[in-house]
């Protein structure tokens, strides 16, 4: 039996992976060869997807990108024996893109069979839960606090403090809510965790449940991720059968169960209080804080609400001890960050690395520059609410505080590259337009400010009283930033103002002179 | 295209009932109705309100807040083209213009269709290194070019 790996990852399928499986099965049948096709997650380098891997005595040999029409010739050239071919990439883990990564959260992604519990355990799963059961709630919270883990959804709030607050809150029932409403363009790490290593997220949520005394969890997944929904639903069923969910999880004294809930195409539901409203069956209107969700969250009960990447980092921290995680990183940004290379970039994909790598290294060295081969003009970091960085700021290290100091944010670590054909006035207008489409409508600066922002930027584009309107847009951004209830209205000024500050020539202002070297 | 069944209040009550005992049941119910019928007619609002003991206004509010809950019968084919930044950086603006011309319709969030195909915006499928991306009748497609889009449409509308 020859084991063949073809990712079932949504991106690989969008590139033809299902048809590749069909073609491989056909070619094998013609030759009366017995093959087993495993639908693994993607390893995370998309230019070589669909990546077909063959298990050989010498390890796994990869071929990519393999399209359905390539299969016949590849099989004739000896694909099933792992023989050389122009499309052969050798052992995938030896590729520089993968070799230079530090994969803690993504250690199993692309390697194990995502739907197999036994494979999960064989690749180191369940160790975190086992140690969590030995430690008990107070020590788990301390372990997560000591690891320095900060909320990976974007806000960067220390996860340990959040958990401690919920653990100490009084409540007849408590919840763990996983925010899998990964709506930011340029991000896909949550999707890859759910599709490629779903048991890890369940284990992380179960550990959180033990830590704070919660017995029920929800993972709120956006409807744009149908593959992740299916993978999580299937995995939850398996987890119940195998004792990772239900009564006495992992053989201990704690009960925890969870369900998948699906979003319905509202970007604002990625904001935590809006997400909670949506889970309760209401319009996704943002709640004023306080009260914090940690005190009054889902159905008014104390609730831990964490991003997928935060919860998925927990099994490693518990299994290996907080120091193993904390010792990576820089400053107050500890551990690793799964960076997502997106947009017009040659080596697009998932790159997990300790904090501290510079933006320039990410874009030019790891990412290999633009896919179009044209010069990089701007890089938007942190999704639609993140700032546009010009190449002159490429020395900024990937760190929460360093990005804030440059009037930007790392957000969910999506890095979207634009080449020199980008019109930054149009990008600024899109930011306002997107905010107008997705605003929940509760607060005025966001609801009305975004629509006015589009109008004012249109006037600037038309050359109508440009200088006065530029002053107006700056003033409007100031109001939105300080006056909005949540990050949608509050952060839309980041892309708008960064476009204006770093690319004034697109707004009819003079181009900035290059600063003299110090 | 998915196999939807024609709207029937009896079937709707069955679908609603199957989800009604969940915590925060309204979203799962609305999703289940869309999965079954392809849309949620206004007629469903009092049915849901009655079963969940909510006001009609509450149900109407949730139904109308979310982009996914169609309030008109589903078109035969739905093409959702990503309009977000990462796809913009890879040529989605030009592809959208091509698609609008090809299909003879404007991209429209409300899914009003002028032919067999409804062209709708979607904001990010999370395939951001391989754009421009689309969902065609629920199936994902990446690295689209005008030619690949035309081929896809030829396969879809037969």
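Chains as they are written, first to last, in the numbering used here: chain A, 52 to 569; chain B, 18 to 175.
Beta carbons are placed, not taken as given, at the ideal position from N, Cα and C, and that holds for glycine.
All values derive from a computational prediction rather than experimental measurement.
Cα separation between residue i and residue j?
| i | j | result |
| --- | --- | --- |
| residue 568/A | residue 443/A | Any answer about residue 568/A is weak, because its pLDDT of 45 lies below 50 and its placement is not dependable; what the coordinates show is given next. About 11 Å. |
| residue 380/A | residue 154/A | 13 Å |
| residue 299/A | residue 306/A | 5 Å |
| residue 440/A | residue 237/A | 15 Å |
| residue 269/A | residue 85/B | 20 Å |
| residue 373/A | residue 362/A | 14 Å |
| residue 161/B | residue 395/A | 14 Å |
| residue 21/B | residue 58/B | 14 Å |
| residue 461/A | residue 400/A | 17 Å |
| residue 534/A | residue 338/A | 14 Å |
| residue 430/A | residue 149/B | 18 Å |
| residue 150/A | residue 157/A | 13 Å |
| residue 347/A | residue 327/A | 10 Å |
| residue 231/A | residue 424/A | 34 Å |
| residue 563/A | residue 336/A | 41 Å |
| residue 267/A | residue 93/A | 30 Å |
| residue 196/A | residue 225/A | 20 Å |
| residue 31/B | residue 95/A | 42 Å |
| residue 108/A | residue 162/A | 16 Å |
| residue 103/A | residue 544/A | 43 Å |
| residue 340/A | residue 235/A | 23 Å |
| residue 86/A | residue 132/A | 12 Å |
| residue 44/B | residue 29/B | 15 Å |
| residue 405/A | residue 190/A | 25 Å |
Could you give the C-beta distance for residue i and residue j, rounded to a whole number, given that I count them as a contact under 8 Å?
| i | j | result |
| --- | --- | --- |
| residue 409/A | residue 447/A | 6 Å |
| residue 88/A | residue 55/A | 5 Å |
| residue 276/A | residue 143/B | 6 Å |
| residue 250/A | residue 171/A | 4 Å |
| residue 154/B | residue 95/B | 6 Å |
| residue 137/A | residue 188/A | At roughly 56 Å, the Cβ-Cβ gap does not stay under 8 Å, so residue 137/A and residue 188/A are not in contact. |
| residue 445/A | residue 411/A | 3 Å |
| residue 397/A | residue 418/A | 6 Å |
| residue 554/A | residue 475/A | 4 Å |
| residue 359/A | residue 229/A | 6 Å |
So, at 7 Å on beta carbons, what are the nonlocal neighbours of residue i in its own chain, with the 5 sequence-adjacent residues on each side left out?
| i | result |
| --- | --- |
| residue 538/A | 322, 436 |
| residue 117/B | 123, 124, 136 |
| residue 101/A | 57, 58, 63, 66, 67, 68, 71, 115, 116, 117 |
| residue 530/A | 496, 500 |
| residue 294/A | 300, 301, 302 |
| residue 264/A | 188, 218, 225 |
Is it right to say residue i is buried, meaning 16 or more other beta carbons lie within 10 angstroms of its own, or is it exposed?
| i | result |
| --- | --- |
| residue 97/B | buried |
| residue 350/A | exposed |
| residue 72/B | exposed |
| residue 48/B | buried |
| residue 52/A | exposed |
| residue 245/A | buried |
| residue 70/B | exposed |
| residue 505/A | buried |
| residue 210/A | buried |
| residue 126/B | exposed |
| residue 27/B | exposed |
| residue 536/A | buried |
With a threshold of 8 Å between beta carbons, is residue i in contact with chain D?
| i | result |
| --- | --- |
| residue 62/A | Absence of chain D from the displayed structure is noted, the protein chains being A and B. |
In its own chain, which residues sit with a C-beta less than 8 Å from the C-beta of residue i, not counting the 5 before and 5 after it?
| i | result |
| --- | --- |
| residue 489/A | 317, 318, 319, 539 |
| residue 507/A | 520, 523, 524, 527 |
| residue 296/A | 253, 257, 287, 290, 307, 308, 309 |
| residue 80/A | none |
| residue 413/A | 390, 392, 402, 449, 466 |
| residue 140/B | 99, 100, 101 |
| residue 62/B | 73, 76, 77, 80 |
| residue 587/A | Because chain A in this structure spans residues 52 to 569, residue 587/A falls outside the shown range and cannot be described. |
Is the closest heavy atom of the ligand FMN to the C-beta of residue i under 7 Å?
| i | result |
| --- | --- |
| residue 382/A | The ligand FMN is not part of the structure shown, which contains no ligands of any sort. |
Quick one: residues in its chain with C-beta nearer than 6 Å to the C-beta of residue i, no 5 flanking neighbours on either side, listed in chain order?
| i | result |
| --- | --- |
| residue 68/B | 33, 37 |
| residue 484/A | 505 |
| residue 74/A | 119, 122 |
| residue 315/A | 274 |
| residue 205/A | 462, 463 |
Determine, using beta-carbon pairs with one atom in the segment 119 to 126 of chain A and one in the segment 142 to 156 of chain A, whether at least three such pairs fall under 8 Å. no
Closer than 8 Å is the cut-off here; do at least three beta carbon pairs connect the segment 101 to 121 of chain B with the segment 458 to 475 of chain A? yes
Quick one: any contact between the segment 179 to 186 of chain A and the segment 253 to 270 of chain A, if contact means 3 or more CB pairs under 8 Å? yes
On the three-pair Cβ rule with 8 Å, is the segment 322 to 334 of chain A touching the segment 277 to 292 of chain A? no
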